[in-house]
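Going letter by letter, the sequence shown gives residues 76 to 527 in our numbering. For reference, the structure is listed below as structure tokens.
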Amino acid sequence: MSSSSLIEHEIKIKQPYNQHKEEGNSIMLRYFIWTIGCQMNKAESQQIAGYLDSVGHQAATSFSNADLVILNTCVVRQSAENKVLGTLGLLKGLKNKHPNLQILVTGCLVNSDTQELKRRFPHVDLLFKPGDYPELIAWNERRGVFIEQEASLSTISSPCAFIPIIQGCDNFCSYCIVPYRRGREVSRPLGEIVREVEELARRGIKEVTLLGQNVDSYGHDLPGHPDLADLLNELSSIDDLVRIRFLTNHPKDISLKLIDTVASLNKVCEHLELPVQSGDDDILRAMRRGYTVERHRELVHTIRRKVPQISLSTDIIVGFPGETEEQFEHSLSLVKEMRFDVVHVAAYSPRPGTIAWREYQDNIPSEVKKERLNKIEELQAAIASEINSQLQGRQMEVLVEGRKKGKWFGRTRSNKLVFFEDAGDWVAQLARIQIEKTSPWSLRGEVKKIIN
Ligand code: SF4
76 MSSSSLIEHE
86 IKIKQPYNQH
96 KEEGNSIMLR
106 YFIWTIGCQM
116 NKAESQQIAG
126 YLDSVGHQAA
136 TSFSNADLVI
146 LNTCVVRQSA
156 ENKVLGTLGL
166 LKGLKNKHPN
176 LQILVTGCLV
186 NSDTQELKRR
196 FPHVDLLFKP
206 GDYPELIAWN
216 ERRGVFIEQE
226 ASLSTISSPC
236 AFIPIIQGCD
246 NFCSYCIVPY
256 RRGREVSRPL
266 GEIVREVEEL
276 ARRGIKEVTL
286 LGQNVDSYGH
296 DLPGHPDLAD
306 LLNELSSIDD
316 LVRIRFLTNH
326 PKDISLKLID
336 TVASLNKVCE
346 HLELPVQSGD
356 DDILRAMRRG
366 YTVERHRELV
376 HTIRRKVPQI
386 SLSTDIIVGF
396 PGETEEQFEH
406 SLSLVKEMRF
416 DVVHVAAYSP
426 RPGTIAWREY
436 QDNIPSEVKK
446 ERLNKIEELQ
456 AAIASEINSQ
466 LQGRQMEVLV
476 EGRKKGKWFG
486 RTRSNKLVFF
496 EDAGDWVAQL
506 ARIQIEKTSP
516 WSLRGEVKKI
526 IN
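Printed below as a string of structure tokens:
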């Protein structure tokens, strides 16, 4: 899992909601999905929205004009869990005023002990585990909502789609709650993923991001053991698909075969998420990450040699129990040495039930964690600023995703965010952009031409 990609996000509303109505015996609801967490949660919320649209429910613009609210939750960090609990409290008040409001909760808050959650949150109508769509569909059907054809689990709101390919994680890193909440690894059959991507490409999707807590484990539990490289090869032959990405990798599990496949397939973008988490071997051992700093270093060198255009993102946790100043300095110097394009840094927070929570005392004061986090962020901002400044004057291929504050935005193959201004309609176009201004976080440029 990328501890980095903790984002708060609300599903974008494409059309205003209509009035609550009944058609035959079916109850049509206005729904609002609130999502917090990683890309996996974002992808699952898109799938839920696709299903709700396909059975005739309609998107609402906020909690206050919804009949059905779905919270897609994350408890990977304390800050995320606090937001989830705060939102559940808010919804309790709303339900008191509007007893017909339906509240559904999914995501990492939902563990195997749903009875305990039901006791704590009696105002919630349904708790379903991440990806347990049969439970959601059964709930809907109990309310009289049926569809004659197979429900669609995908919506299209941009040229990019996120496709979960493996659920759960078998790794049990000592600080991580994910394996307890999402369970053991379960891969989706390769043919099913290929069919889904073919359909999405037919409907206009140009870029897919394959998702899993550890995509490098993909397929080990399937008949014939296909792996991620096999899946990339199959997806590459889909005509209308232009780009393929995947995340998150695990330094212990990423294979040379995969790196060679990234190097050889044109459609696979030159970007990898490879979380290192610490630059100190003793801390990595306590984290139970299963590799050393040297192994990570060699891996980065191999990837850069085989895929010279690669951009690399990593994650670092600071303030892990017992992390000394010297051990923290090891992380700092690794960041300096490796010159990643992006570093997502998080302060350790103990998650009840994990190995680290059971075995170690959370003994680094929060102000020290904050100071360490700031140091890494400052260093990385300087590095990213230097790396991005080298792109000035270059022309780069950008897949345009939409508009923000009057500017078009999209990403390069190396996952750099690019903004540009133009009067034309650029959504879902591949544009060649000349980079004119750079910052550590994004680039600005001018359109040179349409590529497709
Ligand atoms: S246990 Fe480790 S590999 Fe698995 S999701 Fe958590 S951090 Fe990622």
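From the three backbone atoms N, C-alpha and C, an ideal C-beta is built for every residue, glycine too.
**Range covered by the alpha helix (DSSP H) that runs through residue 209** = Taking the sequence shown and counting its residues from 1, the one referred to as residue 209 is at position 134. It spans 208–217 - the alpha helix (DSSP H) in which residue 209 sits, taken as one unbroken run.
**Prompt:** Where DSSP assigns a beta bridge to residue 390, which residues make up the other side?
**Reply:** By one-based count along the sequence shown, residue 390 stands at place 315. 419.
**Prompt:** Hey, would you say the C-beta of residue 383 is under 7 Å away from at least one heavy atom of ligand 1?
**Reply:** Numbered from its first residue, the sequence shown carries residue 383 at position 308. Not under cutoff, so the answer is no.
**Request:** Return the CA-CA distance between residue 427 and residue 395, expressed in angstroms with no decimal places.
**Result:** In the sequence shown, residue 427 corresponds to position 352, counting from 1. In the sequence shown, residue 395 corresponds to position 320, counting from 1. One alpha carbon belongs to residue 427, the other to residue 395, and they sit about 15 Å apart.
**Asked** Which whole-angstrom value describes the C-beta separation of residue 410 and residue 385, a residue pair presumed to lie in contact below a C-beta threshold of 8 Å?
**Response** The residue given as residue 410 occupies position 335 in the sequence shown. The residue given as residue 385 occupies position 310 in the sequence shown. The pair is not a contact, with the Cβ atoms about 17 Å apart (cut-off 8 Å).
**Asked** Mind checking whether the beta-carbon of residue 288 lies closer than 7 Å to any heavy atom of ligand 1?
**Response** Numbered from 1 along the sequence shown, position 213 holds the residue referred to as residue 288. Within the cutoff, so yes.
**Message:** My parser needs the beta strand (DSSP E) runs of 3 or more residues fully inside the stretch 134–164; what are they?
**Reply:** Whole beta strand (DSSP E) segments, 3+ residues: 143–148.
**Request:** Could you name the residues of the same chain whose beta carbon sits closer than 8 Å to that of residue 408, not counting the 5 residues immediately before and after it, in chain order?
**Result:** In the sequence shown, the residue the question calls residue 408 occupies position 333. These residues qualify, in order along the chain: 354.
**Message:** Taking its Cβ as the centre, do 16 or more other Cβ atoms sit within 10 Å of residue 193, making it buried, or is it exposed?
**Reply:** For this step, residue 193 is matched to residue 118 along the sequence shown. Exposed.
**Request:** Could you tell me whether any non-hydrogen atom of ligand 1 is closer than 7 Å to the CB of residue 254?
**Result:** In the sequence shown, counting from the first residue as 1, residue 254 sits at position 179. Residue side-chain check: residue 254 places its Cβ nearer than 7 Å to a non-hydrogen atom of ligand 1.
**Neighbourhood of residue 243 by C-beta, 6 Å cutoff - its chain only, sequence neighbours within 5 removed** = Position 168 of the sequence shown, counting from 1, holds the residue named residue 243. Excluding sequence neighbours, residue 243 sits near 257, 258, 259, 260, 261.
**Message:** My output table needs one value for residue 98: the three-state DSSP class, helix, strand or coil.
**Reply:** Counting from one through the sequence shown, the residue named residue 98 turns up at place 23. Model confidence at residue 98 stands at a pLDDT of 45, short of 50, so the residue's coordinates are unreliable and nothing is read from them.
**Message:** With a threshold of 6 Å on Cβ separation, who are the neighbours of residue 316 within its own chain once the five nearest residues in sequence on each side are excluded?
**Reply:** Looking up residue 316 in the sequence shown gives position 241. Same-chain partners within the cutoff: 276.
**Message:** For the beta strand (DSSP E) containing residue 407, name the first residue and the last one.
**Reply:** Along the sequence shown, one-based indexing puts residue 407 at 332. Membership of residue 407 in any beta strand (DSSP E) is not indicated; the residue belongs instead to the alpha helix (DSSP H) covering 400–413.
**Message:** Rounding to the nearest angstrom, what Cα-Cα distance links residue 470 and residue 506 in this structure?
**Reply:** Locating residue 470 in the sequence shown gives position 395, counting from the first residue. Locating residue 506 in the sequence shown gives position 431, counting from the first residue. Rounded to whole angstroms, residue 470 and residue 506 show a C-alpha spacing of 10 Å.
**Cβ distance (whole Å) where residue 420 is taken to contact residue 393 below 8 Å** = Counting from 1 along the sequence shown, the entry for residue 420 is found at position 345. Counting from 1 along the sequence shown, the entry for residue 393 is found at position 318. That pair is a contact at about 6 Å.
**Message:** Spatial neighbours of residue 217 within its chain, please: C-beta separation below 8 Å, excluding the five flanking residues on both sides.
**Reply:** Locating residue 217 in the sequence shown gives position 142, counting from the first residue. If we look at residue 217 and ignore the five residues flanking it on each side, it has no Cβ neighbours.
**Item:** residue 390 burial status per 10 Å Cβ neighbour count (16 or more: buried)
**Value:** As a first step, residue 390 must be located in the sequence shown, where it is residue number 315. Flag for residue 390 reads buried.
**Asked** beta strand (DSSP E) containing residue 465: first to last residue?
**Response** Numbered from 1 along the sequence shown, position 390 holds the residue referred to as residue 465. Neither: residue 465 is in no beta strand (DSSP E) and is coded neither H nor E.
**Asked** Between which two residues does the alpha helix (DSSP H) carrying residue 189 extend?
**Response** Sequence index remark: in the sequence shown, residue 189 carries index 114 (1-based). According to the DSSP assignment, residue 189 belongs to the alpha helix (DSSP H) that extends over 189–195.
**Request:** Determine the closest residue to residue 254 out of 187, 207, 280, with distance taken between C-alpha atoms.
**Result:** For the purposes of this step, residue 254 is taken as the residue at position 179 of the sequence shown. Of 187, 207, 280, the residue nearest in Cα terms is 187.
**Three-way DSSP call (helix, strand, coil) for residue 254 in this model** = On the sequence shown, position 179 is the one that residue 254 refers to. Residue 254 falls in the helix class under three-state DSSP.
**Prompt:** Considering only residues of the stretch 260–338, which uninterrupted beta strand (DSSP E) runs meet the minimum length of 3 residues and lie entirely inside it, listed in chain order?
**Reply:** DSSP runs (the beta strand (DSSP E)) wholly in the stretch 260–338: 282–287, 318–322.
**Asked** Which word fits residue 399, buried or exposed, when buried means at least 16 other C-beta atoms lie within 10 angstroms of its C-beta?
**Response** Along the sequence shown, read from residue 1 onward, the residue named residue 399 stands at position 324. Classification for residue 399: exposed.
**Request:** Starting from the Cα of residue 299, find the closest Cα among 313, 279, 266, 286 and give me that residue.
**Result:** The count along the sequence shown starts at 1 and reaches residue 299 at position 224. Looking only at 313, 279, 266, 286, the smallest Cα-Cα distance to residue 299 is reached by 266.
**Request:** Flag residue 149 as yes when its Cβ comes closer than 7 Å to any non-hydrogen atom of ligand 1, and as no otherwise.
**Result:** In the sequence shown, residue 149 corresponds to position 74, counting from 1. False, no ligand heavy atom lies under 7 Å from that Cβ.
**Request:** Assign residue 114 to buried or exposed, taking buried as 16 or more other Cβ atoms, counted over all protein chains shown, within 10 Å of its Cβ.
**Result:** Here residue 114 is taken as the residue at index 39 of the sequence shown, counted from 1. Classification of residue 114: buried, given that the 10 Å Cβ count is 16 or more.
**Request:** Return yes when the Cβ of residue 431 is within less than 8 Å of the Cβ of residue 425, no when it is not.
**Result:** Taking the sequence shown and counting its residues from 1, the one referred to as residue 425 is at position 350. Taking the sequence shown and counting its residues from 1, the one referred to as residue 431 is at position 356. For residue 425 and residue 431, yes; Cβs fall inside 8 Å.
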